[in-house]
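Trainee: So this note's numbering is basically just the index in the sequence shown, starting at one, shifted up by 71. Idealized CB from N, CA, C, for every residue including glycine. What follows is a single structure, and I will ask about it in a moment.
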Amino acid sequence: MEIQYLGTAGWYFTASGGALLIDPYFTRVPLRRLAFGPLVPDAEMVRRYTPPADWILVSHSHFDHLLDVPVVAQITGAEVYASRQSCDLLRVLGVPPKQMRPIAAGNRLALGPFTVEVYEVPHRQMIGRIPAYGPLREGLAPPLRARDYRMRELFSFRVEAGGVRVLVASGVEREPPVPTDVLLVGADASRAQLARILSAVQPRLVLPNHWDDMFRPLSEPARPSLQMPQTLGLLRRVDLVAWSAHVREHAPAARVLVPERFRAYDIRAK
Ligand SMILES: [Zn+2]
72 MEIQYLGTAG WYFTASGGAL LIDPYFTRVP LRRLAFGPLV PDAEMVRRYT PPADWILVSH
132 SHFDHLLDVP VVAQITGAEV YASRQSCDLL RVLGVPPKQM RPIAAGNRLA LGPFTVEVYE
192 VPHRQMIGRI PAYGPLREGL APPLRARDYR MRELFSFRVE AGGVRVLVAS GVEREPPVPT
252 DVLLVGADAS RAQLARILSA VQPRLVLPNH WDDMFRPLSE PARPSLQMPQ TLGLLRRVDL
312 VAWSAHVREH APAARVLVPE RFRAYDIRAK
C-alpha cells in the first residue's frame, strides 16, 4: 500500500485493485475570505490535484474536509462515504444520491483491496467549543458560508490493505484503542494526548495529520498550520519539532515521518 499526504487532512491510499481518498481539499480558501464571502470550490485547482480514485471517505462536514468533495466526486466518479448529515449537505451541493453511501460508527466497509472501520470521535474544541456544530440550517442553498458546513459526527478510520493497518485519527481525544501499524495523528496533539493514543494503538510509524497551513495555496511551499488554542490562549503555529519529540518519547520504537505533500510513501507489512 502507498499513502500520500494531500495537505490539510487529505490522504490518498493506493493498493493493487483501487485507490481511496480521504477528505480531499485543494481549494484552500484564504483566511480573509472565511468570515465574509460564500465558499466556492476552485474547480481548476481541484482538477489539477485530484488523483484517480474509486472511493472517497469524508470524516465530517466542516468546509476544509467537505467543500471540494462534490467536484472530486464528479471528476473521479468515486463513491462517497460520509455521515448522514454530510450526505445531506453533499446533496444540497449537487452530488447525486446514487453516488453516496451514508456511514455510521461501527461500520466495516469492504472497498476493493481496503477494509475500512469507522469510529466516532470527539472534535477538537477551539476556544472552548466545537466550531460549526449542530444540525444543518433549513433551506440551505449554495453557495454556502463556512458556518453552514455544520457537523455533528466526526469519524476516524482504520484502513487495512495487504496486512497493513493505518489509523487515520481525526481528533486528539478518545481515539479508538485499536492496534495499528501506522498512525496519522493531529500535529496539534498535546504531549498528554499523544501519550494516551500512542500507548493505546502501539504504532511502528507515526505521521502528523492536518499539519500544513491550509490557508496557503498548494502552489506555495508548505508551512505549519496555525493552531487554534483548545482553551483561551495564544494563536501560534504547530510545532512539528516538539510534536516529533513527544512521539519519540512515548513510542521510542516507532519511526516518525513528516510527509512531503503529494509524495507517495510505500507502507509495507512488517
Ligand atoms: Zn472540523
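Does ligand 1 have a heavy atom nearer than 6 Å to the CB of H133?
Mentor: Within the cutoff, so yes.
Trainee: Less than 7 Å between the beta carbons of S241 and S261, yes or no?
Mentor: No; because the gap between Cβ atoms is not below 7 Å, this pair is not in contact.
Trainee: Use the C-beta contact count for P247: other C-beta atoms within 10 angstroms, 16 or more gives buried, fewer gives exposed.
Mentor: By the neighbour-count rule (16 or more Cβ atoms within 10 Å), P247 is buried.
Trainee: For R236, does the three-state DSSP call read helix, strand or coil?
Mentor: R236 falls in the strand class under three-state DSSP.
Trainee: What residue does the alpha helix (DSSP H) around F333 start on, and which one ends it?
Mentor: From DSSP, F333 is part of no alpha helix (DSSP H); its letter is neither H nor E.
Trainee: Within its chain, find whatever has a CB closer than 7 Å to the CB of D159; leave out the 5 residues flanking it on each side and keep chain order.
Mentor: Result list for D159: L207, in chain order.
Trainee: Which two residues bound the contiguous beta strand (DSSP E) that contains P173?
Mentor: It spans M171 to P173 - the beta strand (DSSP E) in which P173 sits, taken as one unbroken run.
Trainee: Thinking C-beta only, is V166 closer than 7 Å to P95?
Mentor: No.
Trainee: Check whether the Cβ atoms of R223 and A203 lie closer than 7 Å to each other.
Mentor: Not in contact: R223 and A203 (Cβ atoms no closer than 7 Å).
Trainee: Who are the near neighbours of I338 in its chain, counting only those whose CB is closer than 8 Å to its CB and skipping five residues on each side?
Mentor: The answer, listed in chain order, is M72, E73, I74, V235, V237, D252, V253 and L276.
Trainee: Need the endpoints of the alpha helix (DSSP H) that A271 sits in, please.
Mentor: Element bounds for A271: R262 to V272.
Trainee: Between L211 and the rest of its own chain, which residues show a CB-CB distance below 8 Å, the 5 nearest in sequence each way excluded?
Mentor: Within the same chain, L211 has close Cβ partners L160, V163 and D219.
Trainee: Smallest Cα separation from V100: which of P112, A340, F84 and I174?
Mentor: Residue P112 is the option with its Cα nearest to V100.
Trainee: To the nearest angstrom, how far is it from the Cα of R307 to the Cα of H131?
Mentor: So the two alpha carbons sit approximately 24 Å from each other.
Trainee: State the DSSP-derived secondary structure class of A86, mapped to helix, strand or coil.
Mentor: It is a strand residue.
Trainee: Relative to the alpha-carbon of V140, which residue among G177, I93 and R103 has its alpha-carbon at the smallest distance?
Mentor: It is I93.
Trainee: Taking Cβ to Cβ, would you say L255 is nearer than 7 Å to N280?
Mentor: For L255 and N280, yes; Cβs fall inside 7 Å.
Trainee: Give the list of continuous alpha helix (DSSP H) stretches no shorter than 4 residues that lie fully inside the region 156-202.
Mentor: The region 156-202 contains no whole alpha helix (DSSP H) run of 4 or more residues.
Trainee: Using only the alpha-carbon positions, how far apart do I198 and S87 sit?
Mentor: Their Cα atoms are separated by approximately 43 Å.
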